[in-house]
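Novice: Under numbering that gives the first Met the number 0, think of the first position of the sequence shown as 0, with each following residue one higher. Glycine residues also receive a C-beta, built at the ideal position from the N, C-alpha and C atoms. Mind looking over this structure? Questions follow.
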Amino acid sequence: MAQPVWQDPVPLSLDTAPVPEYGSGSLADLLPTLVAGQEVPGFTAAIPELTPADRNCVFLIDGLGWEQIIAHPDEAPFLHSLLPTSRGGTGRPLTAGFPSTTATSLASVGTGLPPGEHGLPGYTARNPETGELMNQLRWKPWTAPKVWQPYPTVFQLADAAGVHTAQVSAPTFEQTPLTKVALSGGSFLGRLSGEDRMDVAAQRLAAGDRSLVYTYYSEVDGKGHRFGTDSDAWRGQLMYVDGLARRLAEQLPPRSALYITADHGMIDIPFDEQSRIDFDEDWELRAGVALLGGEGRARHVYAVPGAEADVLTVWREVLGEQFWVASRDEAIAAGWFGPTVDERVYGRIGDVVAAAHDDVIITASVNEPHESAMAGVHGSLTPVEQLVPLLEVRS
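As structure tokens, then:
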């Protein structure tokens with residue numbers, strides 16, 4: 000009897016990784032398209048399916064991806080009914096950038112730039128100037144915001160061009176560095192309740208002949224992280240935000256377009272050793288690694304100088320069937336971070352970049368205990384994380 004022939008695992012080809020639709024259908028293309036239709040100088044309509052409106056409102060629901068809306072028609076009847084309107088009536092989603100995570104996506108939305116240019120390439124990333132990991136959501140350790148992200152926001156440029164511009168969000172976000180570098184420009188109006196945010200957003204939309212209003216809700220993402228998208232707590236938040244979207248849509252002033260979108264989707268990962276690979280307990284993955292950045296499904300791996308090639312080889316051998324594992328230059332060449340990467344951003348990207356393909360994450364139980372305990376996660380290039388809605392209501 001012939002003996003079975005054992006073969007080494009074959010790593011996933013980087014050619015099979017979906018690349019965000021930078022330049023034609025990504026989150027970074029949304030505001031430039033809207034303000035181009037409002038005749039703000041310097042912008043062109045990147046998403047060709049959208050029709051200009053004098054008054055534009057963007058309602059961003061943190062963590063509510065395209066596939067979550069499709070899967071929950073009972074909990075989100077209003078949002079589900081709008082699926083055919085997505086992306087200018089094509090019924091198609093947008094893509095987030097890479098990684099599909101809040102800091103990166105909000106920076107893309109607000110600046111109209113992909114991650115390789117705005118320079119927030121993940122949840123945490125190495126600061127080449129200090130060698131430290133910087134948390135770009137919480138902005139720790141503190142780094143001069145305008146040095147880290149020097150480009151003006153679309154809101155600032157629209158405001159300077161005479162568009163009535165406002166952000167309506169939780170008061171706690173008004174002074175955060177992330178807001179300053181990604182979402183500032185015009186007026187910030189802090190409101191605690193979701194209902195108040197919807198009402199004020201509609202009021203500000205009506206306040207100008209040309210208006211650009213952004214509003215935001217975070218707790219769909221919060222409940223998903225804590226309990227997972229299969230939980231009653233998450234479904235309750237989905238029902239609530241569905242009502243908020245309807246409330247805002249019913250108050251639109253004339254000549255308005257409301258766009259409901261998200262910064263990323265979310266996937267639930269089982270709490271078992273096969274699904275959660277603990278970097279802090281894995282000597283192979285730790286070998287030659289100076290810093291572990293990013294998050295569980297989108298890791299930036301910073302090697303000890305001289306060990307870059309060895310770290311890439313080991314990570315491919317250990318994880319290559321479950322993750323797309325690329326060198327920094329390979330990830331850049333593949334377009335994961337956009338068409339170009341600014342020189343100041345290059346060293347923020349890991350020597351090795353690992354993006355999850357399977358239902359698996361790389362935790363760090365010692366150094367990231369909070370993040371490692373999350374039930375729902377995101378960050379990678381898979382459709383459940385990458386695809387976000389662009390639902391539309393017009394008046």
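Measure the beta-carbon distance from Q148 to G118 and round it to whole angstroms, keeping in mind my assumption that it falls under 8 Å.
Specialist: Within the sequence shown, the letter at position 149 stands for residue 148. Within the sequence shown, the letter at position 119 stands for residue 118. Yes, Q148 and G118 are in contact; Cβ-Cβ is about 5 Å, under 8 Å.
Novice: Just how far apart, CA to CA, sit A248 and T89?
Specialist: Along the sequence shown, one-based indexing puts residue 248 at 249. Along the sequence shown, one-based indexing puts residue 89 at 90. Rounded to whole angstroms, A248 to T89 spans 20 Å at the Cα level.
Novice: Sort D358, Y239, A256 and D267 by Cα distance to G227 and report the nearest one.
Specialist: For the purposes of this step, residue 227 is taken as residue 228 along the sequence shown, with counting starting at 1. Selected option, being the one with the closest Cα: D267.
Novice: Do R315 and P10 have their CB atoms nearer than 8 Å?
Specialist: Walking along the sequence shown from the start, residue 315 turns up at place 316. Walking along the sequence shown from the start, residue 10 turns up at place 11. Yes; because the gap between Cβ atoms is below 8 Å, this pair is in contact.
Novice: State the DSSP-derived secondary structure class of H79, mapped to helix, strand or coil.
Specialist: The residue labelled residue 79 in the question sits at position 80 within the sequence shown. In this structure, H79 counts as helix in the three-state DSSP scheme.
Novice: Just verifying my parser: in three-state terms, what is the DSSP assignment at E66?
Specialist: Your numbering for residue 66 matches position 67 in the sequence shown. Reduced to three states, the DSSP call for E66 is helix.
Novice: Do you know offhand how far D198's Cα is from R246's?
Specialist: For the purposes of this step, residue 198 is taken as the residue at position 199 of the sequence shown. For the purposes of this step, residue 246 is taken as the residue at position 247 of the sequence shown. Each residue's alpha carbon lies about 8 Å from the other.
Novice: When DSSP builds the beta bridges, which residues end up paired with R54?
Specialist: As a position in the sequence shown, residue 54 is number 55, starting the count at 1. In the DSSP output, where bridge partners are listed per residue, R54 has S210 and S255.
Novice: What does the alpha-carbon distance come out to for the pair P253 and R234?
Specialist: Counted from its first residue, the sequence shown places residue 253 at position 254. Counted from its first residue, the sequence shown places residue 234 at position 235. Approximately 33 Å between the Cα atoms of the pair.
Novice: By DSSP's criteria, M133 is part of a beta bridge. Which residues make up the other side?
Specialist: On the sequence shown, position 134 is the one that residue 133 refers to. Answer by DSSP bridge pairing, in chain order: A124.
Novice: Tell me, please, whether the region 344–361 touches the region 268–277 by the rule of three or more beta-carbon pairs shorter than 8 Å.
Specialist: A contact exists between the region 344–361 and the region 268–277.
Novice: What separation, rounded to the nearest whole angstrom, lies between the Cα atoms of T260 and T312?
Specialist: Residue mapping note: residue 260 aligns to position 261 of the sequence shown, counting from 1. Residue mapping note: residue 312 aligns to position 313 of the sequence shown, counting from 1. Using only the alpha carbons, I get a separation of about 38 Å.
Novice: Under the assumption that H356 contacts G64 (Cβ atoms under 8 Å), give the Cβ distance between them as a whole number of angstroms.
Specialist: On the sequence shown, position 357 is the one that residue 356 refers to. On the sequence shown, position 65 is the one that residue 64 refers to. Not a contact, Cβ separation roughly 17 Å.
Novice: Do G87 and A27 come within 8 Å of each other at the CB atom, strictly closer than that value?
Specialist: As a first step, residue 27 must be located in the sequence shown, where it is residue number 28. As a first step, residue 87 must be located in the sequence shown, where it is residue number 88. No, Cβ-Cβ distance for A27 and G87 is not below 8 Å.
Novice: Excluding sequence positions up to five away, which residues of its chain have a Cβ less than 7 Å from the Cβ of A44?
Specialist: The residue given as residue 44 occupies position 45 in the sequence shown. Excluding positions up to five away in sequence, the list reads T32, A35 and G36.
Novice: By a C-beta neighbour count over all protein chains shown, 10 Å radius and 16 as the cutoff for buried, is K145 buried or exposed?
Specialist: Walking along the sequence shown from the start, residue 145 turns up at place 146. Answer is exposed; the Cβ neighbour count stays below 16.
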